[in-house]
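Taken in order, the sequence shown gives residues 424 to 1384; the numbers are from our numbering. As structure tokens, the structure follows; a few thoughts come after it.
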Amino acid sequence: MAETVVSFVLDQLSTFLREEGRLLGALRQEVQFIRDELGHMTAFLREAEAKEEDAQPRLQEWIKQVREAAYDTEDILDDFVARFARHLPTGFYGSVRRIFSSIKNLRAHHRVASEIQSIKSRIKSISEGHQRYQSEYGISAQASNSLSAVNNTTWRYSRDDALLVEEAKLVGIDQPKKHLISQLLQGDDYQLKVVSVVGMGGLGKTTLAKKVHEDPEVRRHFPVRAWVTVSQTCDFQYLLKDLIRQLHKEGKKPVPQSIESSNTTELKEIIKDFLQQAGRYAIVFDDVWDVEFWNTIKFALPESSHGNRVMLTTRRADVASASCIESRGLVYRMEPLSIEDSWTLFCNKIFNGGTCPGHLMDVAKGILDKCEGLPLAIIAISGLLASKDVNRIEGWEMVRRSLGVELEGTGKLDRVKKILSLSYNDLPGHLKTCLLYTSIYPEDYEIGCRRLFNLWIAERFVEWREGMSFEDVVWGYFSELVNRSLIQVTCVVYEGIPHKCRIHDLLREVIVLKSREQNMVTVTTGQPIMWPSEKVRRLVVRSSSSNNTQHHQQTQNCCFDHLRSFITVGSTNPLLYKTLLSEVLGSSKLLKVLDLKGQETQEEIPNEIFNLFHLKHLDLNGTGVERVPKAIGKLQHLEYLNLGNTEVGELPMEILKLQKLRFLRVYQRVDPSEDDYGSHGFKAPSNIGGLLALETLSCIDASSGSTIVKEIGKLTQLRETYITNFRTEDGKELCSSLANLTSLQRLGVESIRKGDDHEIIDLNHHHPSLSSSSCSFLQSLRMLILCGRLEKMPQWVAHLHGLIRIDLNWSRLRGEEDPLESLQHLPNLHTINFCGSYQGEGLCFKAGGFLKLKELRLKRMEGLRWMRVEEGALPRLQILSLQLLPLLEELPLGIQHLIQLQRLSLYEMSSQLREKLLENQKEESEDYTRIEHIPEILIGYYTDDGEWRRHNLWEEKKKKT
């Protein structure tokens, strides 16, 4: 965290000295000194933060001092710019020169000089501490060894925890064990096969691998076996020597004495020679942390013709896939225990396999819910509860309420914290900061990825990289956190693009503890809290389960002068929210992030916001705001403006002054309960094409004519745009504009509504680039949404080789214009959503078509009577959803060919089809034999009384039998 802050401030100081340094006069040398000293400390700071958790309090205090000094330096610079940049709108430099020469600003100049001198003195003192600590903790060989010792101690702690799980006779791994054993014993005998077990810390990967490795059948099949624990900070030469000793012991041969003096290459040769002569082998590499380890060790593992096997356990998906890719091995993603297995393990540990007393049932389930199937956590918490009196519920309730406090201590849950902290400690500084920031969200919260990404960018956690947009870089950050099993994606927009994510509850508790230690964010719900002793930099307001009225008294003791971010999450107490917002806007002149998403009581934009000179991020999504004042033009540093789900229908001309604006979203849902009916966009100034930095523009109203459509073509940085009220006659102009948007990834076009219908969207215009073999037109497009009537599919759609998702809503294509013809051979198409898009009687998915499609959703196609899937079509389809298809009375013909199908949803379908499936429960019926391979079949409908009912077909069948 401190390293991230210091790096940003260093960049800011360099820019400041280059562009405004001459205006500082004698203070220039002081600012230069601050920059140089902070720069000298960054390398040591990186090392110090890597071992901060195990460091002595003095080093932790030094890191805190560096962080706060960097923050305060940034405050002074921002205050300087804000104070002197706004006096004359005609130019910053001219105004500053006049201001510094004016008598009325001598006091302000003196104040800046005094603050800079104060920071310089603090930096001097901190730098002296840096020199002292460097010899004690720093970047010398001794310090590096010390760091390794600290990490190895933590690693051995984690291995002890794995043994703890094993000793507890872990439940729920019989099936995974059988599966992995079969993978080891079967397959090509002429190729080394690798099986990788991947998942977050505490899932029991080591325990599973150990049980597989020690299984009698595996022992018989592989006469030569070895187990190597790798860890984060392994000594590679020591690891190779340990492997040699194990192999020679297994083979009952003396260990070569030469290994003590051998280098890495020689040690690998010894291993390779031994394995080539030894016959069939199975080696486990437990707890692998990076791809480089595998890329190095694999050269010591001969292929031979004996059917050799390697097992790996890791928390990182990239390690798992890299080790398996050459051998066509198996990546086994370890899942949390099921609810049933979690309960069994819980009761085994506390009640010796007995049942839980009725009066403890609710609180026990609440505690178990927090474990989310993590065996290590279940065992540790069970051990904590085993010491409580089972006749008194109060002790159990206290554990449920105070799990975070228990993790903070050194008791039974300290093991859990150590295991979960290992993955955090392995992160580079910028990813630690991004992960800690997720502490703004409450437990069990499904996090919107797009919002999180934009907050990371606004908070300056994302560094700019040559040739990449911020969106590309931030997606890389997120992917790495997912890869390391720290964030779980729960929903995607389309393949590869996350929509929602979450964090395991206990991992979140660890993150909250670390966030609090580092003063990352201050969270208030209206409950009494202890405000941090350090300055409040980020304030988050969240909902509370109780109606507390003491919020005003609480905020009186808190200073918001240094606040950089004010964020609301979820529905908040309206009185608390308004009180805090008023105080923040009255005193926080340095605010850069203001996120009021979902505050419906906010009916207008407060005038104080337009005085926030440094504001970069303004999110008013879901508020009651109806208009945007002309004063919006004063926010010249604004990069992000979100007015989605508001009543705003038009933006003033002054929006064109925001030349740094990267993200602009304004819309209202036509029907808030249904996405299918599209959105109302906003009326933009006629020269909106002047906002050249825009990457997202949604949703812009094009009803005023071709001028707006032509302006869109000037926004060459666009990656996403959605156009509403599109006119038929502007089709050719839009195609011309789209040809300029070479970075466009997401495109939506919605035509003018006419009652219950839409105008025709005519995009079937030949473009010069289509005649070339390269077909460059919209080749970066990943998602296409067309909402409105189509006479025929645009010809260029069939050439969108990068397209992953297509939505056609209310296209009403005639029977002879089968939309599948244009789409069936698109090589990357993953998702199709059709709603009212086709008026024909049938759809046929032909053999060899839609080879990568995973999701198919068909809705409101009133004329559809039949569907047919030829063998060889849709080979990867996993989800098939059919809704409001009243004339479809039979299951799709050939549905038995969809062998990868995981879920079939039949919602509001014909009563004949519903009754056939729900009431005819005979196993030998033809319908059942065609769908018996589908794990989940959901049938939903409204009763005559208007009640919604949903059935799981297989569960209904179990009830009746």
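We put the beta carbon where it would ideally sit given N, CA and C, even for glycine.
**Rounded separation between I1183 and G1154 - CA only** = 10 Å
**Item:** Contact between the region 598-617 and the region 737-755 (3+ Cβ pairs under 8 Å)
**Value:** yes
**Message:** Only counting the same chain, and skipping five residues up and downstream in sequence, which positions put a Cβ closer than 6 Å to that of L930?
**Reply:** L843
**Request:** Just tell me which of E869, N1030, L986, D709 has its CA closest to the CA of D415.
**Result:** One cannot answer for residue 415 here, as it falls past the ends of the chain, which runs 424 to 1384.
**Request:** For my contact list, Y704 and V620 are in at a C-beta cut-off of 8 Å; report their separation, rounded to the angstrom.
**Result:** About 18 Å separates the two Cβ atoms, so there is no contact after all.
**Item:** Delimiting residues of the beta strand (DSSP E) encompassing Q1091
**Value:** 1086-1094
**Message:** Taking the straight line between their C-alpha atoms, what separation do you get for K937 and S988?
**Reply:** 19 Å
**Prompt:** Considering T737, what are the terminal residues of the beta strand (DSSP E) in which it resides?
**Reply:** 732-737
**Message:** Using DSSP's beta-bridge definition, name the partner residues of W650.
**Reply:** V707
**Asked** Beta-carbon separation of N1110 and R1088 under 8 Å?
**Response** no
**Asked** Can you give the Cα-Cα distance for R506 and S1010, rounded to whole angstroms?
**Response** 14 Å
**Request:** Please name the residue, chosen from C779, N996, G674, that lies closest to T1024 on a Cα-to-Cα basis.
**Result:** N996
**Item:** Extent of the continuous beta strand (DSSP E) run through S1328
**Value:** 1326-1330
**Prompt:** Short check: CB of L1120 to CB of T1144, under 8 Å?
**Reply:** yes
**Request:** Count the other CB atoms, across all protein chains shown, that sit within 10 Å of the CB of L663; report buried if there are 16 or more and exposed otherwise.
**Result:** buried
**Prompt:** Around the C-beta of F722, are 16 or more other C-beta atoms found within 10 angstroms, so that it is buried, or is it exposed?
**Reply:** exposed
**Beta-carbon contacts of I457 that lie in its chain and below 8 Å, excluding the five residues immediately before and after** = L436, T496, I539, I542, K543, I546
**Asked** Over what stretch of residues does the beta strand (DSSP E) that includes R1291 continue unbroken?
**Response** 1289-1292
**Prompt:** Using DSSP with H/G/I as helix, E/B as strand and the rest coil, what is V573?
**Reply:** Annotation note: pLDDT 41 at V573 (below 50); position unreliable, coordinate value reported separately. V573 falls in the helix class under three-state DSSP.
**Message:** Let me confirm a value: H1320 is counted as buried when at least 16 other C-beta atoms fall within 10 Å, else exposed. Which label applies?
**Reply:** buried
**Prompt:** Do L1300 and M1284 have their CB atoms nearer than 8 Å?
**Reply:** no
**Request:** Inspect the beta-carbon positions of W717 and R739 and report whether they are closer than 8 Å.
**Result:** no
**Prompt:** Going by beta carbon distance, what residues of the same chain come within less than 7 Å of T1366, once the five residues before and after it are set aside?
**Reply:** R1372
**Request:** Name the residue from G852, E1239, T652 whose alpha carbon lies nearest to the alpha carbon of T427.
**Result:** G852
**Same chain, Cβ closer than 7 Å to P1217, five either side skipped, listed in chain order** = L1186, N1187
**Reference S1328; option with closest CA among K1282, R1288, A1296** = K1282
**Message:** Counting C-beta neighbours from all protein chains within 10 Å, is the total for I1078 16 or more, i.e. buried, or is it exposed?
**Reply:** buried
**Prompt:** So what does N1375 bridge to, in DSSP terms?
**Reply:** L1361
**Request:** Compute the distance between the beta-carbons of V839 and A787, then report whether it is under 8 Å.
**Result:** no
**Message:** For S1245, tell me which candidate among K633, C1267, W1233, C1258 has the shortest Cα-Cα distance.
**Reply:** C1267
**Message:** Please list the terminal residues of the continuous beta strand (DSSP E) segment that includes Y1261.
**Reply:** It is not in any beta strand (DSSP E) - Y1261 carries neither H nor E in the DSSP assignment.
**Asked** Is the beta carbon of S1333 sitting closer than 8 Å to the one on L1314?
**Response** no
**Message:** Rounded to whole angstroms, what is the Cα-Cα separation between D710 and W650?
**Reply:** 11 Å
**Asked** Can you tell which of G1259, H644, L1204, L468 has the C-alpha that lies nearest to the C-alpha of H1222?
**Response** L1204
**Prompt:** Secondary structure at I457, three-state DSSP: helix, strand or coil?
**Reply:** helix
**Prompt:** Starting from N848 and walking both ways along the alpha helix (DSSP H), at which residues does that stretch end?
**Reply:** 837-848
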